[in-house]
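I have placed the structure first, in the form of structure tokens, so that the comments after it can refer back to it.
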Amino acid sequence: MKLNKYFGEVKKDYSGFSAENKFKIPYLKTYKNTESVKIYLGEQFDSDNDWKEFENPPSISKLDEYESTLKKFITEIDKVFINVQFEIFEHYKSFYATYYEQPFFPMFENVKIQKNENDKSNSPLCIDNKEIHFDYVEGILESIRILDNNTIKIPFSYYIDEEHGLEIKIVNNIVEKVGGIAET
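So the sequence shown is residues 0 to 183, counted in numbering that gives the first Met the number 0.
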């Protein structure tokens, strides 16, 4: 356990080291409409040590780096959010549009996509812009992870693909990669 003025108590839990303090991320909905999200600090597993969990909390200098990364992210959220919307819409067009933009049978039922009566196919979703697409992104899955080199990973619940979800990797406040959860 380590105490930090910005993050509060930093302690180990089931997914690595997390901050006691939670943070509200503007523009981004949260899963189950919580007010703020949990912050994980650093990787959970050590890729240089047979993927064992880290036993020691991040150093003071790492916590300072993570604080700077989160503060810059929140300060620049207007610009970041536009990039997030654009990149996840591009991901949808590349991986899902060929299925959902023609008559389809739902793989997952949820509040946005439901099966029709009598096993009839559904009409195309007609997702033709980033704003409409973002309605299918339910919210942050309770936490984000701040990593080295100004990197943040954010997992989302995703109505389009509830099995894999959606995760974005942001480096220097620009989306670098979009994929399923734990794929970025």
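All C-beta atoms, glycine included, are put in the ideal place defined by N, C-alpha and C.
- Counting C-beta atoms within 10 angstroms of its own C-beta, E64 has 16 or more neighbours from the protein chains shown and is therefore classed as buried.
- Annotated as distal: I153 and I131, with beta-carbon spacing of 8 Å or more.
- When DSSP states are grouped into helix, strand and coil, L140 belongs to the coil group.
- Excluding sequence positions up to five before and after P105, its CB lies within less than 7 Å of the CB of I112, Q113, K114, N121, all in the same chain and listed in chain order.
- The DSSP-derived three-state label of E64 is helix.
- Just so you know, the alpha carbons of T68 and I151 end up roughly 8 Å apart.
- With a threshold of 16 other beta carbon atoms within 10 Å, D160 meets it and is buried.
- By the C-beta criterion, the region 71 to 82 is judged not to be in contact with the region 91 to 108, since fewer than 3 inter-stretch pairs fall below 8 Å.
- Going by C-alpha positions, G15 is about 13 Å away from K1.
- Cβ-Cβ separation between G164 and Y157: approximately 5 Å, consistent with a contact (criterion under 8 Å).
- I169 is the residue among I169, Y26, E182, I24 whose C-alpha sits nearest the C-alpha of N148.
- In the DSSP annotation of this structure, the continuous segment of the beta strand (DSSP E) that includes F16 starts and ends at 15 to 18.
- Looking at the DSSP output, I131 shares a beta bridge with no other residue.
- Residue burial annotation: Y13 is exposed, with fewer than 16 other C-beta atoms found within 10 angstroms of its C-beta.
- Taking Q43 as reference, the option from S93, G178, K10 with the minimal CA-CA separation is K10.
- DSSP places S156 inside the beta strand (DSSP E), whose first and last residues are 150 to 157.
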